[in-house]
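Below you'll find the structure, written out as C-alpha cells, and then a few comments.
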Amino acid sequence: MPTLVVAEHDHKSLKPATLNCVTAALSLGQPVTVLVAGFNCSGAVQAAALIAGVTEVLHVDDAAYANFLAENMGTLVAKLAKDFSAVLAPATSIGKNFMPRIAALLDVAQISDIIGVESADTFRRPIYAGNAIATVQSSDAIKIITVRATNFDAAKASGGSAPVKKIDGAGDSGLASFVSAELSKSARPELTAARVIVSGGRALGSGEEFKKLLEPLADKLNAAIGASRAAVDAGYVPNDYQVGQTGKVVAPDLYIAIGISGAIQHLAGMKDSKVIVAINKDPEAPIFQVADYGLVGDLFQIVPEFTKAV
C-alpha cells in the first residue's frame, strides 16, 4: 500500500520540511501520495505535484483546514489513512499538534520524531534529549510517523508530474474554532530553514544587548537569529526564537552560539549543525564539547570584533 505525506504549507507554497518528509516516505519503498489540505491552496498543490518521486497529490480545499486545527485535520487524515500503510508529517509545531490525534482515532501508536528508516516497519528516533537513539519496530497496520526534517535530505522540488485528485474533506468537526494568531514578522530567513543561525544565551544580559550584539552579525551573514530557552525565559526575545528540545530543531550549515552554556536541552536542538562556533567565557561550558570552533573570552569584546572582521 502507498505512503501518505501530509504537506505543511502556507496555502501558497510548501514549507521546506515537506520535501524532507517526502524523502523519508520514499525510504519506505512504497509509492508516495501527498495530501494538501487547506483553503484556496492551489499554489501549494501545484508545488506538491512537481516534487520528484511523488506519484499522486490529494487536494482538499475547505475553509475548515485554513488554520490546520488538529480537530479537523485529525478527522480528515484518519478517514483517508485506511488506504495507506503509513502516514508521515514533519515533526513541527503543526505536525506535532494533529498527528497524535490521528494515532488516537486509529488506535495505533505514534512513532515520533524519526531520524532514520531501517525498513518499512523499523525506525530510529532520539530519546533522552538525543543522548540515545532508539530503534523502534511497529506491527501496527498503519504507521503514524512524525519526521525530524533536519535528518533527511530534501526531495527535489521539481522534475515530478504527479496527477492531482481533488477530494472532499471531512468538514468542520465543531470541536474547536480558530480565534487569532500572533505571529512575529521578520525579513530574516525562517529559523528552521536558515543556512546560518546566530544564537544567543542568557549571558547577553538583556534584550537590548541581545539586539545590539547579534543583529549586526546576523545582518552581515544573512542569518536567522535563535536563542536558548534561558534567554527566552528571561524575556530577551520571543518564544519563536527558541532552539532546543522544547523549541525548534535546526541543522544549518553554520551555527554560532554566543553566550550559550550548552545545556543538554539546547544541544538536542542544534548539535546536528554542520559547523558549530561557540563563544563563551567558561572554558568548561558543555557547548565546547560539540563545537567545531571555540572562542573563550568576553563575548562583549569578541562579538563586535568578530562582526567587524566578517
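The numbering used here puts the first residue of the sequence shown at 928, with every later residue one more than the last. By construction, the Cβ of each residue, glycine as well, lies at the ideal position given by its N, Cα and C atoms.
#### Entry: Among 1147, 1091 and 1119, the one whose alpha carbon lies nearest that of residue 943
1119
### Task
Count the other CB atoms, across all protein chains shown, that sit within 10 Å of the CB of residue 1079; report buried if there are 16 or more and exposed otherwise.
buried
### Span of the beta strand (DSSP E) around residue 1092
1091-1093
### Query
Run through DSSP, which three-state label would residue 1105 get?
coil
### Query
How about residue 930 and residue 1015: are their beta carbons less than 8 Å apart?
yes
#### Entry: Segment contact, 8 Å Cβ cut-off, at least three pairs: the stretch 1065-1079 with the stretch 1017-1036
yes
### Query
In the DSSP assignment, what are the bridge partners of residue 1087?
Answer is none; residue 1087 lacks a bridge partner.
### Task
Taking only runs that begin and end inside the stretch 955-1010, name each unbroken alpha helix (DSSP H) of 4 or more residues, in chain order.
969-976 and 997-1007
### Message
Using 8 Å as the threshold, is the C-beta distance between residue 1191 and residue 1214 below it?
### Response
no
#### Entry: Segment contact, 8 Å Cβ cut-off, at least three pairs: the stretch 970-986 with the stretch 1083-1094
yes
### Task
Provide the residue span of the alpha helix (DSSP H) that contains residue 1027, from first to last.
1022-1033
### Contacts around residue 989, its chain only, beta-carbon distance under 6 Å, and the 5 residues preceding and following it disregarded
1096
### Query
Residue range of the beta strand (DSSP E) that residue 1223 falls in?
1220-1223
### Task
In angstroms with no decimal places, state the Cα-to-Cα distance between residue 1077 and residue 1183.
17 Å
### Task
Quick one: residues in its chain with C-beta nearer than 8 Å to the C-beta of residue 993, no 5 flanking neighbours on either side, listed in chain order?
938, 965, 966 and 1105
### Task
Report the residue from 962, 949, 1155 and 1051 whose alpha carbon sits nearest the alpha carbon of residue 1127.
1155
### Query
Are residue 1241 and residue 1179 touching if we call contact CB-CB under 8 Å?
The question about residue 1241 has no answer, for the chain in this structure spans 928 to 1237.
### Task
Assign residue 1201 to one of two classes, buried (16 or more other C-beta atoms within 10 Å of its C-beta) or exposed (fewer than that).
exposed
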